[in-house]
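Peer 1:
There are 2 protein chains.
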Amino acid sequence: MGSEGHTDGTVGKALDILDMVARHDRPARFSELLASGPFPKATLYRFLQTLTNQGMLTYDADRGTYALGVRLVRLAHAAWSQSSLAPIALPYLDELAAETGETIHLAQMDQGQVLYVDKRNAARPVEMFAQAGKIGPAYCTGVGKAMLAFLPDEALDHALARQSFHRHTDHTLDTPARLKAELQAIRARGHAFDREEHEPGIICCAAPILTRSGRVIGALSVTSTTARTTLAALEERSGRIKQVAARIGAEAESWRFPEQG
Amino acid sequence: MGSEGHTDGTVGKALDILDMVARHDRPARFSELLASGPFPKATLYRFLQTLTNQGMLTYDADRGTYALGVRLVRLAHAAWSQSSLAPIALPYLDELAAETGETIHLAQMDQGQVLYVDKRNAARPVEMFAQAGKIGPAYCTGVGKAMLAFLPDEALDHALARQSFHRHTDHTLDTPARLKAELQAIRARGHAFDREEHEPGIICCAAPILTRSGRVIGALSVTSTTARTTLAALEERSGRIKQVAARIGAEAESWRFPEQG
DNA sequence: CCGTTTGGTTCCATTATGTGAAACTTAGTC
DNA sequence: GACTAAGTTTCACATAATGGAACCAAACGG
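Going line by line, the protein sequences match chains X and G. So my numbering is basically just the index in the first sequence, starting at one, shifted up by 651. So my numbering is basically just the index in the second sequence, starting at one, shifted up by 651.
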């Protein structure tokens with residue numbers, strides 16, 4: 652939330668430090684971390700020791716820098732496998748990718764942001780962690796808007812409060828009001844577009860993945876470029892996209908579904 | 652040394668619990684977790700609350716189960732990007748995959764086990780988290796043996812002590828003695844084979860990725876099947892594999908982060 | 001229906017643990 | 001050789017974790 656409240660005790664602080672290290676997107680020096688957080692020297696030092704000990708961080712003795720550790724990659728693999736969405740969606744994404752020849756994204760909502768959990772890339776052969784786990788804005792991406800549109804009021808407000816509404820392109824919906832109007836349209840038609848709102852030349856058509864009870868558990872998109880296709884052509888696929896999203900939703904529900912953040 | 656009993660205080664315990672949840676490969680009930688760890692009810696309960704609060708776990712209210720949370724996926728992405736190996740190796744893997752048409756693995760050593768950090772799959776189009784983050788045994792895989800062979804003595808002993816030496820196939824080197832002999836041969840020729848030691852029909856040729864000072868930072872392999880090729884044919888590629896491994900090693904070592912210009 | 005078990009949540013006195021200012025030790029600079 | 005920045009250790013103190021026990025709520029069973 653805007654005004655950080657609880658630190659959840661010692662564990663919360665340790666996790667905050669992990670985030671601090673993650674935010675600095677290159678390995679960080681002790682002093683950099685000291686500057687970028689509210690922790691006193693000795694405290695920070697002890698935490699870094701503990702986390703390094705635990706394999707959550709790695710310490711490069713030569714450079715005196717800390718980076719996130721491999722234990723996280725291991726845990727994330729388990730998280731992915733346990734997730735009620737990504738493993739189930741896997742074969743469907745393959746199918747859709749083969750069928751469309753376009754880039755496919757699978758995303759979830761995480762703290763008001765879009766978190767990509769899987770991807771099929773039209774152009775290159777494979778990219779793995781390089782792409783999954785990436786986060787993006789919700790208010791100006793297809794998957795983001797598709798999910799926002801089906802969020803219950805309270806959750807929506809919470810999420811909207813976290814959007815930056817930065818004007819990435821001329822098409823970006825850069826006010827809550829404009830976005831809300833768009834969300835209503837999305838709710839009505841059941842799918843969302845990205846009309847070059849995030850990056851120039853990039854367009855997409857996205858559908859939310861819902862449980863039968865109507866809860867959003869993720870979103871699915873087919874992405875392309877204005878050079879290769881048009882929004883109208885993408886919309887022709889919307890029926891199919893929604894069909895796949897519905898199937899994933901149904902299968903995910905019948906299995907197990909974790910509470911969403 | 653060996654098996655230190657330390658839990659690294661509160662943070663260590665919290666992380667132990669994450670591991671416990673990860674080990675149960677389906678969402679776990681409170682009682683299951685209670686049974687599978689040394690924690691008293693109240694303590695476990697508090698930890699689960701905190702971790703859920705922090706997004707490291709998700710709680711499914713309907714089923715009363717805990718699973719690993721999305722925050723881990725996010726952190727793992729950052730870990731991958733910050734790593735001095737995987738992002739650097741990316742283009743080389745693409746190149747090698749295109750060139751050989753075979754499956755490529757990139758692995759690191761983690762607690763005596765092989766941790767796969769990237770992959771190019773010959774057959775299917777793409778699998779992301781589904782494959783990366785996976786762990787495997789060191790003593791009976793090409794990448795594992797390639798890394799073990801170049802480990803300093805003390806680290807090798809540590810790693811060997813953690814091997815199960817389970818006899819997966821008739822070809823598995825199932826004693827430390829046999830493995831040590833093999834490691835010497837690997838050291839001599841600079842590359843390792845997997846002669847169907849882990850899975851029948853699966854063979855590979857692997858090379859360690861070393862820094863100039865000789866420290867192992869990972870390994871690279873080209874994997875195939877006995878149906879498609881032979882070990883001799885794979886060995887013909889060994890020169891190229893070692894060349895790529897050497898380039899990755901050199902680049903990983905020389906890479907300085909922006910500020911150091 | 002009511003006693004009992006199972007599975008989960010809350011209390012709270014006790015003390016182990018984490019805390020952080022300050023002192024200390026390098027390593028680097030002028 | 002004095003000065004500064006960066007990292008490490010100490011230690012008196014108080015916060016925060018601990019876990020036994022009590023509690024609650026379903027499900028079970030007789």
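All residues carry an ideal CB built from backbone N, CA and C; glycine is no exception.
In angstroms, rounded to a whole number, what distance separates the CA positions of Y767 (chain G) and L799 (chain G)?
Peer 2: Position 116 of the second sequence, counted from the start, is the residue given in the question as residue 767 (chain G). Position 148 of the second sequence, counted from the start, is the residue given in the question as residue 799 (chain G). Approximately 15 angstroms, taken between the alpha carbons.
Peer 1: Compare the C-beta of V725 (chain X) with all C-beta atoms of chain G and state if any pair is closer than 8 angstroms.
Peer 2: Position 74 of the first sequence, counting from 1, holds the residue named residue 725 (chain X). Position check: residue 725 (chain X) holds Arg in this sequence, whereas Val was assumed. Cβ-Cβ to chain G under 8 angstroms: yes for R725 (chain X).
Peer 1: For R677 (chain X), decide whether its Cβ has a neighbour in chain G, counting only Cβ atoms nearer than 8 angstroms.
Peer 2: On the first sequence, position 26 is the one that residue 677 (chain X) refers to. At least one CB atom of chain G sits nearer than 8 angstroms to the CB of R677 (chain X).
Peer 1: Let's see if you can read the secondary structure: which residues bound the alpha helix (DSSP H) around Q733 (chain X)?
Peer 2: What you label residue 733 (chain X) is simply residue 82 of the first sequence in a count that begins at 1. V721 to Q733 is the span of the alpha helix (DSSP H), which, as asked, contains Q733 (chain X).
Peer 1: Is I860 (chain G) close to chain X? Criterion is C-beta to C-beta, closer than 8 angstroms.
Peer 2: For the purposes of this step, residue 860 (chain G) is taken as the residue at position 209 of the second sequence. Not one chain X Cβ lies under 8 angstroms of I860 (chain G).
Peer 1: Among G:D713, G:G795, G:E746 and G:S889, which one has its Cα closest to the Cα of Q759 (chain G)?
Peer 2: Residue 759 (chain G) sits at position 108 when you count from the first residue of the second sequence. Residue G:G795 is the option with its Cα nearest to Q759 (chain G).
Peer 1: Using 8 angstroms as the cut-off, can you tell me whether the segment 807-827 of chain G makes contact with the segment 892-899 of chain G, which would need three or more C-beta pairs spanning the two stretches below that distance?
Peer 2: no
Peer 1: T661 (chain X) to G793 (chain G), Cα distance in whole Å?
Peer 2: Counted from its first residue, the first sequence places residue 661 (chain X) at position 10. Counted from its first residue, the second sequence places residue 793 (chain G) at position 142. Those two C-alpha atoms are separated by around 41 angstroms.
Peer 1: If contact means a Cβ-Cβ distance below 8 angstroms, which residues of the segment 688-704 of chain X contact chain G?
Peer 2: F698, T701, L702 and N704
Peer 1: What's the gap between the Cα of D667 (chain X) and the Cα of A878 (chain G)?
Peer 2: Along the first sequence, read from residue 1 onward, the residue named residue 667 (chain X) stands at position 16. Along the second sequence, read from residue 1 onward, the residue named residue 878 (chain G) stands at position 227. One C-alpha to the other measures close to 50 angstroms.
Peer 1: Give the residues from the segment 851-882 of chain G that approach chain X closer than 8 angstroms (Cβ to any Cβ), ordered along the chain.
Peer 2: none
Peer 1: Which chain X residues are close to K796 (chain G), counting only those with a beta carbon under 9 angstroms from its beta carbon?
Peer 2: The residue labelled residue 796 (chain G) in the question sits at position 145 within the second sequence. Ordered by position in chain X, no residue passes the 9 angstroms Cβ test against K796 (chain G), which lies about 19 angstroms from the chain.
Peer 1: At the level of alpha carbons, what is the spacing between A903 (chain G) and Q764 (chain G)?
Peer 2: As a working note, residue 903 (chain G) is residue 252 in the second sequence. As a working note, residue 764 (chain G) is residue 113 in the second sequence. In this structure, the straight-line span from the alpha carbon of A903 (chain G) to that of Q764 (chain G) is close to 22 angstroms.
Peer 1: Using CA atoms only, rank isn't needed, just tell me which of X:A797, X:L695, X:S875 and X:S732 is closest to G865 (chain X).
Peer 2: Position 214 of the first sequence, counted from the start, is the residue given in the question as residue 865 (chain X). Per the Cα distances, X:A797.
Peer 1: Would the beta-carbon of A718 (chain G) fall within 8 angstroms of that of V672 (chain G)?
Peer 2: Translated into the one-based positions of the second sequence, residue 718 (chain G) becomes position 67. Translated into the one-based positions of the second sequence, residue 672 (chain G) becomes position 21. In this structure, V672 (chain G) lies closer than 8 angstroms to A718 (chain G) by Cβ.
Peer 1: Using Cβ-Cβ distances below 9 angstroms, what residues of the segment 712-724 of chain G are close to chain X?
Peer 2: A712, D713, R714, T716, Y717, A718, L719, G720, V721, R722, L723 and V724
Peer 1: In chain order, what residues of the same chain lie with their CB nearer than 7 angstroms to the CB of E778 (chain G), ignoring the 5 residues before and after it?
Peer 2: If you number the second sequence from 1, residue 778 (chain G) lands on position 127. Only weak support exists for where E778 (chain G) lies, its pLDDT of 49 falling under 50; the coordinates are left without a value.
Peer 1: Among residues of its own chain, excluding the 5 on either side of V721 (chain G), which ones have a beta-carbon nearer than 8 angstroms to its beta-carbon?
Peer 2: Position 70 of the second sequence holds residue 721 (chain G). The beta carbon of V721 (chain G) is closer than 8 angstroms to those of G706 and T709 in its chain, skipping five residues each way along the sequence.
Peer 1: Does DSSP classify Y790 (chain X) as helix, strand or coil?
Peer 2: Translated into the one-based positions of the first sequence, residue 790 (chain X) becomes position 139. Three-state DSSP puts Y790 (chain X) in coil, outside helix and strand.
Peer 1: Are there three or more Cβ pairs, one per stretch, closer than 8 angstroms when the segment 741-754 of chain X is compared with the segment 853-873 of chain X?
Peer 2: Output reads yes: the segment 853-873 of chain X touches the segment 741-754 of chain X.
Peer 1: Decide if the segment 816-828 of chain X is in contact with the segment 838-855 of chain X; the criterion is three or more beta carbon pairs, one per stretch, under 8 angstroms apart.
Peer 2: yes
Peer 1: Tell me where the beta strand (DSSP E) around M671 (chain G) begins and ends.
Peer 2: Residue mapping note: residue 671 (chain G) aligns to position 20 of the second sequence, counting from 1. Taken as a continuous stretch (DSSP letters only), M671 (chain G) belongs to no beta strand (DSSP E), being part of the alpha helix (DSSP H) at G660 to R674.
Peer 1: So for K831 (chain G), helix, strand or coil by DSSP?
Peer 2: What you label residue 831 (chain G) is simply residue 180 of the second sequence in a count that begins at 1. Looking at K831 (chain G) - three-state DSSP - the assignment turns out to be helix.
Peer 1: Would you give the residue range spanned by the beta strand (DSSP E) that Q759 (chain X) belongs to?
Peer 2: For the purposes of this step, residue 759 (chain X) is taken as the residue at position 108 of the first sequence. Residues T754 to D761.
Peer 1: Are the beta-carbon atoms of L695 (chain G) and L684 (chain G) separated by less than 8 angstroms?
Peer 2: Along the second sequence, one-based indexing puts residue 695 (chain G) at 44. Along the second sequence, one-based indexing puts residue 684 (chain G) at 33. Yes, Cβ-Cβ distance for L695 (chain G) and L684 (chain G) is below 8 angstroms.
Peer 1: Would T661 (chain X) count as contacting chain G if we go by Cβ distances under 8 angstroms?
Peer 2: Looking up residue 661 (chain X) in the first sequence gives position 10. Answer yes: the Cβ-Cβ gap between T661 (chain X) and chain G drops below 8 angstroms somewhere.
Peer 1: Taking its Cβ as the centre, do 16 or more other Cβ atoms sit within 10 Å of H817 (chain X), making it buried, or is it exposed?
Peer 2: For the purposes of this step, residue 817 (chain X) is taken as residue 166 along the first sequence, with counting starting at 1. So H817 (chain X) ends up on the exposed side.
Peer 1: Could you say which of X:C856, X:A884, X:H675 and X:E833 lies nearest to H756 (chain X) if we only look at CA atoms?
Peer 2: Taking the first sequence and counting its residues from 1, one reaches residue 756 (chain X) at position 105. Nearest option by C-alpha distance: X:C856.
Peer 1: Here's a check: name, in chain order, each residue in its chain whose Cβ is nearer than 7 angstroms to the Cβ of R830 (chain G), leaving out the five neighbours to either side.
Peer 2: Here residue 830 (chain G) refers to the residue found at position 179 of the second sequence. Strictly speaking, residue 830 (chain G) in this sequence is Leu, with Arg absent from that position. So the list reads Y790 and L824, once near-sequence residues are dropped.
Peer 1: Looking only at DSSP bridge pairs, what is D769 (chain X) linked to?
Peer 2: The residue you call residue 769 (chain X) lines up with position 118 of the first sequence. DSSP output for D769 (chain X) lists X:L757 as bridge partner(s).
Peer 1: Which residues in chain X sit within 8 angstroms of D640 (chain G), going by Cβ to Cβ distance?
Peer 2: Residue 640 (chain G) falls outside the range modelled here, since chain G spans only 652 to 912, and no answer is possible.
Peer 1: Which term fits R888 (chain X), buried or exposed, when burial requires 16 or more other beta carbons within 10 angstroms of its beta carbon?
Peer 2: Looking up residue 888 (chain X) in the first sequence gives position 237. Classification of R888 (chain X): buried, given that the 10 Å Cβ count is 16 or more.
Peer 1: How far does the beta strand (DSSP E) with F844 (chain X) in it extend, from its first residue to its last?
Peer 2: What you label residue 844 (chain X) is simply residue 193 of the first sequence in a count that begins at 1. Where F844 (chain X) is concerned, the enclosing beta strand (DSSP E) stretches over A843 to R846.
Peer 1: Closest Cβ-Cβ distance between V777 (chain G) and chain X: below 8 angstroms?
Peer 2: Working through the second sequence from its first residue, we reach residue 777 (chain G) at position 126. Because V777 (chain G) sits at a pLDDT of 46, beneath the cut-off of 50, its placement in the model cannot be relied upon, and the following sentence gives the value as read from the coordinates. Closer than 8 angstroms: yes.
Peer 1: Mapping DSSP to helix, strand and coil, what is G688 (chain G)?
Peer 2: Taking the first residue of the second sequence as position 1, residue 688 (chain G) is located at position 37. Of the three classes helix, strand and coil, the one that applies to G688 (chain G) here is coil, per DSSP.
Peer 1: According to DSSP, is Q894 (chain G) part of a helix, a strand, or is it coil?
Peer 2: Position 243 of the second sequence holds residue 894 (chain G). Residue state, collapsed to three classes: helix.
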